[in-house]
Amino acid sequence: VENKSVKKTKLHVNYLTVPLLFEVKTPLKMGSSRLSLSAGAIGGLYIGSHTKYKYYDKAKVKIQGNYHINQWKYDLTGRIHFGDFTVFANYSMTSLFETGQTGGPEIHPLMIGIAFPNI
Numbered sequence: 281v282e283n284k285s286v287k288k289t290k291l292h293v294n295y296l297t298v299p300l301l302f303e304v305k306t307p308l309k310m311g312s313s314r315l316s317l318s319a320g321a322i323g324g325l326y327i328g329s330h331t332k333y334k335y336y337d338k339a340k341v342k343i344q345g346n347y348h349i350n351q352w353k354y355d356l357t358g359r360i361h362f363g364d365f366t367v368f369a370n371y372s373m374t375s376l377f378e379t380g381q382t383g384g385p386e387i388h389p390l391m392i393g394i395a396f397p398n399i
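Residue 281 is where the sequence shown starts when you use our numbering, and the numbers rise one by one after that.
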């Protein structure tokens, strides 16, 4: 990569995941929608990653690589469902990067978001 000023960088990691969730439906109801809670684990197998660099001169560069990403991961997850709306949080119990690799920090990703699973 040339000696340019970097505006933004991104690491994109892809996993094939399988969730195992236990769900409880509450008696709370509004119309035909019922509140339910679920919790469990999500296992994942690493399938690839790349970095993307954006520069101030509008140039973009994408580089494929392994980046010492852990081959396997498992997350704890919690979800609150109400009709077609879900709020969730996933916390990775394994570090994103392999341990013992040069320069790889110990990072345990946390993802919090909303989903619309029936749309």
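Cβ atoms here follow ideal geometry from the backbone N, Cα and C, with glycine treated the same way.
Nearest to Gly311 by alpha-carbon distance, out of Gly380, Val367, Gly363 and Lys305, is Gly363. Around the beta carbon of Ile349, a 10 Å sphere encloses 16 or more other beta carbons of the protein chains shown; the residue is thus reported as buried. Ranked by how close their Cα comes to the Cα of Pro307, the residues Pro385, Leu317, Leu356 and Glu386 have Leu317 in first place. Within its own chain, the residues whose Cβ lies closer than 6 Å to the Cβ of Arg359, once the five positions on either side in sequence are excluded, are Ser318, Thr366 and Phe368, listed in chain order.
With contact defined as three or more Cβ pairs closer than 8 Å, the segment 333-343 and the segment 371-388 are not in contact.
Within the same chain, Cβ atoms closer than 6 Å to the Cβ of His361 are found at Ser316, the five residues on either side in sequence being excluded. Excluding sequence positions up to five before and after Lys284, its CB lies within less than 6 Å of the CB of Tyr335, all in the same chain and listed in chain order. Scanning its chain for C-beta atoms nearer than 8 Å, with the 5 sequence neighbours on each side dropped, one finds around Lys305 the residues Arg314, Leu315 and Ser316, in chain order.
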